[in-house]
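Here's the structure, in structure tokens; my notes come after.
As structure tokens, then:
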């Protein structure tokens, strides 16, 4: 398990280093994630070496954002003042994302059907 | 009662409420009983009723929040597992995730603004469709209110999980793969948990949606908001 921690924090540190050197406007953890994916693909890191810790971290992903959510109590006045725009915009935009990404994907699949679904069965 | 704000006691309460509400959700099967939402609400009531300022709680909370960044790095594992699936239909996935991402950012910022939100609130809502750690990082880098982002993200997830499939059916998206992908795109991990109930195969496409939207949103939110004149 120690090795698994080592790898995850190694890639996080690598992400931090990338941000520090390049000044890129991306979260260090996203860079770490992409670098980890690349390292797995290139077989520099074995899947077994990170599978346990990633299962632990991703199974509990929701729990980790409880404290930042509690910080909401500092912003009650702001939320109360803008409750309508916050709720309306969330609902409208969630529907927009569902419809736009769903329809675009469905349309693209139909257009490319002759290539990908030769047997008429949906690909896995 | 000094003990009621003891760091380890506060940590214990956080674990206990989350564990309890997760069990409750599993027992009742009600998506609306979201453990994240319930734990946040219970803790806020606890702190307010005992007059404990947030700063006292954040000492304990930091121990939990600390794991957000390593958890995002760990998302590289499911992403790697889905690489072959991504490669097989690279074009449809790339085009639809880009379209969904841009439509999401533009629509949430514009509609918030139209309904009278301040610039800072609108900016904090831009990344609402992606998983919380990524969304909060994006908001932080843009100078928004990341706590507000966390709340909007959870609200988006719960709304998407409950109404997502119905919206897709009414909206004419009939392909189940496209539906699952859209659930992950719009409602991140909470939407993905709903898609997983339909089947593991659908969950995979939904988690692909949440991963792709996470990356694209992280890259393009600053650019799009800059074009729109918000940052």
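Residue numbers (the numbering used here), protein chains in the order written: chain E, 1 to 124; chain A, 1 to 231.
Each residue gets a CB set at the ideal place from its N, CA and C atoms; glycine is no exception.
All figures in this text were calculated on a predicted structure; none of them were measured in a lab.
Legend entry - Nearest residue (CA-CA) to residue 12 (chain E), options E:2, E:30, E:24 and E:38: Within the first chain, numbered from 1, the residue matching residue 12 (chain E) stands at position 12. For the set E:2, E:30, E:24 and E:38, the Cα lying nearest the Cα of residue 12 (chain E) is the one of E:30.
Legend entry - Residue span of the alpha helix (DSSP H) that contains residue 7 (chain A), given as start and end: Counted from its first residue, the second chain places residue 7 (chain A) at position 7. Start and end: 7 to 28.
Inset, instruction - Apply the 10 Å Cβ neighbour rule to residue 105 (chain E) and answer buried if 16 or more other Cβ atoms are within range, or exposed otherwise. - result: Taking the first residue of the first chain as position 1, residue 105 (chain E) is located at position 105. Residue 105 (chain E) should be labelled buried.
Legend entry - Chain-order list of residues whose beta-carbon lies under 8 Å from that of residue 221 (chain A) (same chain, five-residue window excluded): Walking along the second chain from the start, residue 221 (chain A) turns up at place 221. Leaving aside the five residues that flank residue 221 (chain A) on each side, the residues in its chain whose CB is nearer than 8 Å to its CB run, in chain order, 105, 126, 127, 138 and 142.
Legend entry - Chain-ordered neighbours of residue 119 (chain A) on chain E, where CB pairs are closer than 8 Å: To locate residue 119 (chain A), count along the second chain from 1; it is residue 119. Simply none; closest approach about 11 Å.
Inset, instruction - Return the residues of the segment 90 to 113 of chain E that lie within a Cβ-Cβ distance of less than 9 Å from chain A, sorted by chain order. - result: Along the segment 90 to 113 of chain E, the positions whose C-beta sits under 9 Å from a C-beta of chain A are 90, 91, 92, 93, 94, 95, 96, 97, 98, 99, 100, 101, 102, 103, 104, 105, 106, 107, 108, 109, 110, 111 and 112, read in chain order.
Inset, instruction - State the Cα-Cα distance for the pair residue 115 (chain A) and residue 123 (chain A), rounded to the nearest angstrom. - result: For the purposes of this step, residue 115 (chain A) is identified with residue 115 of the second chain, where counting begins at 1. For the purposes of this step, residue 123 (chain A) is identified with residue 123 of the second chain, where counting begins at 1. Their Cα atoms are separated by approximately 14 Å.
Inset, instruction - Report yes if the C-beta distance between residue 184 (chain A) and residue 208 (chain A) is below 8 Å; otherwise report no. - result: Locating residue 184 (chain A) in the second chain gives position 184, counting from the first residue. Locating residue 208 (chain A) in the second chain gives position 208, counting from the first residue. For residue 184 (chain A) and residue 208 (chain A), yes; Cβs fall inside 8 Å.
Legend entry - Cα-Cα separation, residue 226 (chain A) to residue 100 (chain E): Start at 1 with the first residue of the second chain, and residue 226 (chain A) comes out as number 226. Start at 1 with the first residue of the first chain, and residue 100 (chain E) comes out as number 100. Looking at the two C-alpha atoms, the distance is approximately 22 Å.
Inset, instruction - Report the residue from A:186, A:224, A:6 and A:216 whose alpha carbon sits nearest the alpha carbon of residue 102 (chain E). - result: The residue you call residue 102 (chain E) lines up with position 102 of the first chain. Ranking A:186, A:224, A:6 and A:216 by Cα distance to residue 102 (chain E) puts A:186 first.
Legend entry - Backbone secondary structure at residue 63 (chain A) - three-state DSSP: In the second chain, counting from the first residue as 1, residue 63 (chain A) sits at position 63. If DSSP states are grouped into helix, strand and coil, residue 63 (chain A) belongs with the helices.
Inset, instruction - Please state whether DSSP places residue 89 (chain A) in a helix, a strand or coil. - result: Counting from one through the second chain, the residue named residue 89 (chain A) turns up at place 89. Correct three-state label for residue 89 (chain A): coil.
Legend entry - Contacting residues, own chain, Cβ-Cβ under 6 Å from residue 8 (chain A) (five flanking each side not counted): For the purposes of this step, residue 8 (chain A) is identified with residue 8 of the second chain, where counting begins at 1. Excluding its 5 nearest sequence neighbours in each direction, residue 8 (chain A) has no C-beta neighbour in its own chain below 6 Å.
Inset, instruction - Just the C-alpha distance for residue 156 (chain A) and residue 109 (chain A), rounded to the nearest angstrom, thanks. - result: Here residue 156 (chain A) is taken as the residue at index 156 of the second chain, counted from 1. Here residue 109 (chain A) is taken as the residue at index 109 of the second chain, counted from 1. In a straight line, the C-alpha of residue 156 (chain A) is about 14 Å away from that of residue 109 (chain A).
Legend entry - Alpha carbon of residue 135 (chain A) to alpha carbon of residue 6 (chain A), nearest angstrom: Residue mapping note: residue 135 (chain A) aligns to position 135 of the second chain, counting from 1. Residue mapping note: residue 6 (chain A) aligns to position 6 of the second chain, counting from 1. If you take the alpha carbons of residue 135 (chain A) and residue 6 (chain A), they lie about 30 Å apart.
Legend entry - Delimiting residues of the alpha helix (DSSP H) encompassing residue 227 (chain A): Residue mapping note: residue 227 (chain A) aligns to position 227 of the second chain, counting from 1. It spans 200 to 228 - the alpha helix (DSSP H) in which residue 227 (chain A) sits, taken as one unbroken run.
Legend entry - Pairwise C-alpha distance: residue 48 (chain A) and residue 117 (chain E): The sequence position of residue 117 (chain E) within the first chain is 117, counting from 1. The sequence position of residue 48 (chain A) within the second chain is 48, counting from 1. Note that residue 117 (chain E) scores a pLDDT of 48, beneath 50, so its modelled location is shaky and nothing firm can be said.
Inset, instruction - Kindly indicate which three-state DSSP category residue 156 (chain A) falls into: helix, strand or coil? - result: Start at 1 with the first residue of the second chain, and residue 156 (chain A) comes out as number 156. For residue 156 (chain A), the three-state secondary structure derived from DSSP is helix.
Inset, instruction - Would you decide whether residue 41 (chain E) is buried or exposed? Buried here means 16 or more other CB atoms lie within 10 Å of its CB. - result: Counted from its first residue, the first chain places residue 41 (chain E) at position 41. Residue 41 (chain E) is exposed by the Cβ-count criterion.
Legend entry - Closest residue to residue 232 (chain A) among A:42, A:46, A:67 and A:72 (Cα-Cα distance): The displayed coordinates of chain A run from 1 to 231. Any statement about residue 232 (chain A) would go beyond what the structure contains.
Inset, instruction - Return helix, strand or coil for residue 35 (chain A), following the three-state DSSP convention. - result: The sequence position of residue 35 (chain A) within the second chain is 35, counting from 1. Three-state DSSP puts residue 35 (chain A) in a helix.
Legend entry - Residue-chain proximity (residue 49 (chain E), chain A), Cβ-Cβ < 8 Å: Looking up residue 49 (chain E) in the first chain gives position 49. No - not a single Cβ of chain A is within 8 Å of the one on residue 49 (chain E).
Inset, instruction - Compare the beta carbon distance of residue 14 (chain A) and residue 33 (chain A) with 8 Å and say whether it is the shorter of the two. - result: Numbered from its first residue, the second chain carries residue 14 (chain A) at position 14. Numbered from its first residue, the second chain carries residue 33 (chain A) at position 33. No. Outside cutoff.
Legend entry - Given 8 Å, three or more beta-carbon pairs between the segment 36 to 50 of chain E and the segment 73 to 80 of chain A: Verdict: yes, contact present.
Legend entry - Per-residue contacts from residue 23 (chain E) into chain A (C-beta, under 9 Å): Translated into the one-based positions of the first chain, residue 23 (chain E) becomes position 23. Contact note: residue 23 (chain E) does not reach chain A at a C-beta cutoff of 9 Å; the least C-beta distance is about 12 Å.
Inset, instruction - Check the Cβ-Cβ distances between residue 100 (chain A) and every residue of chain E, and say whether any is below 8 Å. - result: The residue given as residue 100 (chain A) occupies position 100 in the second chain. True, the Cβ-Cβ gap to chain E drops below 8 Å.
Inset, instruction - Identify the contact partners of residue 137 (chain A) in chain E, using a Cβ-Cβ distance below 9 Å as the criterion. - result: As a working note, residue 137 (chain A) is residue 137 in the second chain. Near residue 137 (chain A) (Cβ distances below 9 Å), the residues of chain E are 26, 27, 28, 29 and 30.
Legend entry - Same chain, Cβ closer than 7 Å to residue 119 (chain A), neighbours up to 5 away in sequence not counted: Here residue 119 (chain A) refers to the residue found at position 119 of the second chain. Taken in chain order, the residues that qualify are 230.
Legend entry - Cβ-Cβ distance between residue 78 (chain E) and residue 54 (chain A) below 8 Å: Numbered from its first residue, the first chain carries residue 78 (chain E) at position 78. Numbered from its first residue, the second chain carries residue 54 (chain A) at position 54. At least 8 Å separates the beta-carbon of residue 78 (chain E) from that of residue 54 (chain A).
Inset, instruction - Compute the beta-carbon to beta-carbon distance between residue 89 (chain E) and residue 111 (chain A), rounded to the nearest angstrom, for a pair I have assumed lies under 8 Å. - result: By one-based count along the first chain, residue 89 (chain E) stands at place 89. By one-based count along the second chain, residue 111 (chain A) stands at place 111. 4 Å between Cβ atoms; contact.
Inset, instruction - Using beta-carbon positions only, say whether residue 147 (chain A) and residue 72 (chain E) come within less than 8 Å of one another. - result: Residue numbering aside, residue 147 (chain A) sits at position 147 when the second chain is read from its first letter. Residue numbering aside, residue 72 (chain E) sits at position 72 when the first chain is read from its first letter. Yes.
Inset, instruction - Have a look at residue 52 (chain A) and residue 39 (chain A) and give me their C-alpha separation to the nearest angstrom. - result: Along the second chain, read from residue 1 onward, the residue named residue 52 (chain A) stands at position 52. Along the second chain, read from residue 1 onward, the residue named residue 39 (chain A) stands at position 39. Cα-Cα distance, rounded: 17 Å.
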